[in-house]
Structure formats: structure tokens, C-alpha cells
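Notes to accompany the following structure.
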Amino acid sequence: MSETQTHIVFVDIDPEHEAAFDEWYETRHIPDILACPGWLDARREKCIEGGPRHVAIYTITGPEAYETPEFNAIKGFGPFSDKIRNFRRIRLTQSEAASL
């Protein structure tokens, strides 16, 4: 297994859907994601400057986490797929700090 990676998702959603989206994300999406093999941790933040507004930060075991049948069955934004705007995703891996 490879080193853990960080998977970050950024999205906007129209204000009239924001409360329902937040509830779905916290009570359905995050538990579903964390039940998938390779998905270790999740947290959400809201951008206070710039955007997109909604940020989800996940720790995964590595690229194999994207390839499981469990993840492929639930990935995406479910009932909010057609309401999402400004979707961005980045993946990070740890780098070694330079010695001073």
C-alpha cells in the first residue's frame, strides 16, 4: 500500500439548496464515503474568502481508494449533481521537508 494522500473537493451550490446540501453531505455522503475501503478520514470547511465556498478534505490510503466498487457506487453529489457549480478536485501527497 502507498503512503496516504489528501483528496480535496471544492464546490459551490446555489444558496436555496445550501442547507439541504449541508445536511445530505454530513448525514449521508460522508458516512457513505468513510464506509468505502481506503477512505480514512473526512472533514468539511467553508471558504471565507475566495471560493468555491464548500471544501471537503479527505485522507485516503492512495489511488486504489478510487477504484473500489463501493466508492464507484456512491461517488458524486447524489441528488445535488445538477445543482453543483465550480467543481474542483485536487489530490496531494506528502513531500519531505528540506533539511535546514
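Mapped onto the working numbering, the consecutive letters of the sequence shown carry residue numbers 83 to 182.
Even for Gly, the Cβ is constructed at its ideal location relative to N, Cα and C.
Bear in mind that the values here come from a model prediction, so they are computed numbers and not experimental data.
Query	Result
Three-state secondary structure assigned by DSSP to residue 110	helix
Cβ contact check for the stretch 109 to 118 and the stretch 164 to 171: 3 or more pairs under 8 Å	no
For residue 132 and residue 154, the rounded distance between their alpha carbons	30 Å
Closest Cα partner of residue 92 within the set 124, 102, 172	172
Residue range of the unbroken beta strand (DSSP E) whose run includes residue 127	121 to 128
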